Every structure is written in C-alpha cells, then in structure tokens.
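When we follow the working numbering, the leftmost residue of the sequence shown carries the number 111, and every step to the right adds one.
What follows is a set of notes on a single structure, which appears directly below.
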Amino acid sequence: MLYPAIALLAAFAALVLWWMWRREARRQDVALRVPAVAVVLVVVGLAVLLYIWRGQHPDTARWLSDWRAYQGFATQVVAGNPDPELAAQVPLQSLARVLQRQLHLTPSAEGWYVLSLVYSELEAPQVSVMAARRAVEISDKALEPRLLLARSLIEQDQGRLNDEAGELLDTILAEHPGHDGALTLLASAAMQSQDFARALPAWQALLARHGEGEARLLLEKMVEDARHQLSAQQHYENLTVVVEAGQGIEAGGNLFVFLRRPGDVGQPLAAMRVLADRFPITVTLTPQNWLQTMPEPGTELVAGARYSAVGGGAVEQAGESAELTPVSGVAGALSARVRLSPSGIQ
C-alpha cells in the first residue's frame, strides 16, 4: 500500500511540475530547448532516489515485511480465533507492530486484550495499560480485561498496588468473591506496597480456599508474614521524633531524621529528610519511610538527626548532629526527642 501511494504521489507531482513548466514558458514566450517531460522526469527521479537514500525510515522495509507476513494472523487475533500453531511462530515485536495497525483498522476487545499481553511480555507496562484500557472500554467492562488492566497498572508501578488497581480489584472481588487471580494479585501487590491490612485478608481467603492443596504451606507462610508485618506496622505507626536546636542553630536547612538499633551502623531502619523551617520541629515517620523490615514490636530503638544549614547560593554549610536518644512510649504512639548541637554524636 505504501509504495503504490508513493508512485501515485510522484506521478501527480510530475504532472504539476510539467504544467508549471509549460505555463511559465508560454508566459515568458521562451522556446523550450529541453523537453519539459525530460526535466520533470529527472527531477522526480532525483527526488525518489533522495528519499530512498536519506528519507526512508531504516525500519520501513522490515515493517512492510512483517505486515505481509503476519497480517493474516493479526486478523485472526482481532476476530478472537488465532491459530495456536501460528502464535508460536510470530515474534512478539513483529506481532505488536502488526496487531496495533490492524486494530486501528478493525478494533476489537479480543485484539486489544492480546496486544496488552504482548506488551506486558515485552516489559512495556505503560503501553500495556493503554491497550488494556481499550479492551475494557470495548468489552463493556468484562471481567478478564479489567483484571488485565489491574495487573498492568501494578506492573507499571513496579509491583505496588496503586489506587486505580486497588479499586478495580475491589470491584472484581465484590462481584466474584472467590476469584483466585484477583485475590492473588491483590495480596501480592498489597504486600509490595506495605499495605498489610489489605494483604492479610486476601491471603487468608486464599488459604481458606486452598488449605487442603499443595499451596497450603506457602499460603500459611504468607498469612503469618502479613500478620507479623501488620502487627509491627501498627506498633510503629506514626512514630514521631521532635528535633530541638541548640543556641546559634538557625532554621531553614536540611534535616535528616533516622532510626536504628543501638550500636548499629550503616543504613538506618527508617529515615526521612525534610526542610526544617522552624525549631523545634516534629517529624513523623510513616511506613513508607522504613528502609528495612520493621523489627519485632518492643525492640529497642534509638533516634538521631543530622542538620545542614543552607548558606549563600543555596550551598550546604557544615552540619550539626544530635546525640542518639531512645525511642519510648506505647504501641502506635512511640516518640523520641533529640537536640542538635555542634558536638552531637551521630
């Protein structure tokens, strides 16, 4: 289709050039020493050669070859009845290109669904989400396209459960409470997001459904892990560190607050960096600020802080640090109070 279109455009351009040549010659009353047709043909020929040499996309030939080779299979996919033997022979990259073009000609929910799966296999989650959305729209929100969209959204967020994916899975489970795929996807993504309050019921539902099967030991482990993490999260929830400043330390710099076990070095258990616009300042550490797995409730922890004032030109000056202070309080209301001083111990 491309080459006939180019030939037709070249012929049209040749006719226009020939007509303009003849008209200008008559207007100037000049005899044509060189036949107009010859000049036009030379100009068009040079233009075609220049296009082939510099203008043609280097992948055009491969795209056209893929279209000729796999357009028939793409038509089968769009119709919802692909040949399994052909499916094993078509490269994913080629299928993605050909199928996307065919879907613009003859859209279908089945085709967009397969295209989303193909892009997922190619590790292109953003495009996979777009294709899954089209499948959901065309299928009038059928179950499988919605589940695929939720999975693609989670892949796009590196395995974490975002709001849209969570709402999709909640809706699916409200309609199909025992759907293993939706439960597994919700449980796994919620664990990755440290949303253990959502992960635990999903693992428990899966264990209730498959407690007598081969997956029992794995599901029991996941339930116990989620329960333990939820308990720790509730214990350390909204832990606050109040940072005071000694004489001569002015606000307006970068404050780094952290937690660790007494005597530990290296990466802290939890940390947060804020702009200290005032002193004293209260910093709240949420589950998202934990860099390592939360320890057992009741574990002895200490809090510390480092502060760098910002001088002229937004350049950080020499910093102050706070002496490590024990964390105290009850579950869900733990706190520590530290004081910055030039002689503090990190």
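Just so it is clear, CB atoms sit at the ideal spot from N, CA and C, and this is done for glycine as well.
The model shown is predicted, which means the values in this text are computed figures rather than measured ones.
- CA-to-CA, the gap between PRO235 and GLN268 works out to about 9 Å.
- Cβ-Cβ distances below 8 Å link GLU231 to LEU202 in the same chain, with the five nearest sequence neighbours on each side left out; the list follows chain order.
- Judged by DSSP in its simplified three-state form, GLY414 adopts strand.
- Using a Cβ distance threshold of 8 Å, ALA386 and TYR417 count as a contacting pair.
- Residue environment: GLU220 is assigned as buried (16 or more neighbouring CB atoms within 10 Å of its CB, all protein chains considered).
- In the structure shown, GLY358 adopts coil according to DSSP, grouped into three states.
- Per DSSP, the beta-bridge partners of PHE368 are ALA381, GLY414.
- In the three-state reduction of the DSSP assignment, LEU225 falls in the helix class, which pools H, G and I.
- With 16 or more neighbouring CB atoms inside 10 Å of its own CB, GLN304 falls in the buried class.
- The bridge partners DSSP lists for ILE282 come to none.
- The beta carbons of VAL393 and THR350 sit closer together than 8 Å.
- Using a 10 angstroms sphere on the CB of LEU369, the tally of other CB atoms reaches 16 or more, which defines it as buried.
- The shortest C-alpha to C-alpha distance from LEU328 to any of ARG337, TRP313, LEU340, HIS338 is the one to TRP313.
- For the set GLU195, GLN212, VAL188, PRO192, the Cα lying nearest the Cα of ARG178 is the one of GLN212.
- According to the DSSP assignment, GLU247 belongs to the alpha helix (DSSP H) that extends over 235-248.
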